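In the working numbering, the protein residues as written are 5 to 132.
Printed below as a string of structure tokens:
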């Protein structure tokens, strides 16, 4: 079982952990050290036991807040999954046929009038 040396609040501790968990222990010790440093800045020198207790309580408070947030997000994700499943279970809507005239009637009439005028001009030119 590996022994890891950690530093919390300026004090060094040797702690045993499972093989391969050294990184997690160092990370946890870093968070605890950050809280201890914050306490030392605010309250000054504390006994080792009191500093560790207060830092542990601060981390536990943060953890409880994060757990509440995780539960809330899991509930929201469950609601969204249920909504998606409900939408996927619905039959596809019937397609609607929409007819749109390609060329509006007013333009067709104007084009017919222009064509008639062009034919009249062509007739005049041929007769000359």
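C-beta: ideal position from N, C-alpha, C; glycine also. All figures in this text were calculated on a predicted structure; none of them were measured in a lab.
For the alpha helix (DSSP H) that contains residue i, what are its first and last residues?
{"i": "residue 112", "result": "109 to 131"}
Under the rule that 16 or more other beta-carbon atoms within 10 Å means buried, what is residue i, buried or exposed?
{"i": "residue 83", "result": "exposed"}
{"i": "residue 56", "result": "buried"}
{"i": "residue 12", "result": "buried"}
Once the 5 residues before and after residue i are set aside, which same chain residues still bring their CB inside 7 Å of it?
{"i": "residue 59", "result": "36, 39, 40, 43"}
List the endpoints of the continuous beta strand (DSSP E) containing residue i.
{"i": "residue 83", "result": "That residue, residue 83, is in no beta strand (DSSP E); its alpha helix (DSSP H) goes 52 to 93."}
{"i": "residue 25", "result": "Run containing residue 25: none; DSSP gives neither H nor E here."}
{"i": "residue 9", "result": "7 to 12"}
{"i": "residue 18", "result": "15 to 20"}
What distance in whole Å lies between the Cβ atoms of residue j and residue i, which are believed to be in contact at a cut-off of 8 Å?
{"i": "residue 16", "j": "residue 25", "result": "So it is not a contact: roughly 19 Å between Cβ atoms."}
{"i": "residue 20", "j": "residue 7", "result": "6 Å"}
Between residue i and the rest of its own chain, which residues show a CB-CB distance below 6 Å, the 5 nearest in sequence each way excluded?
{"i": "residue 96", "result": "none"}
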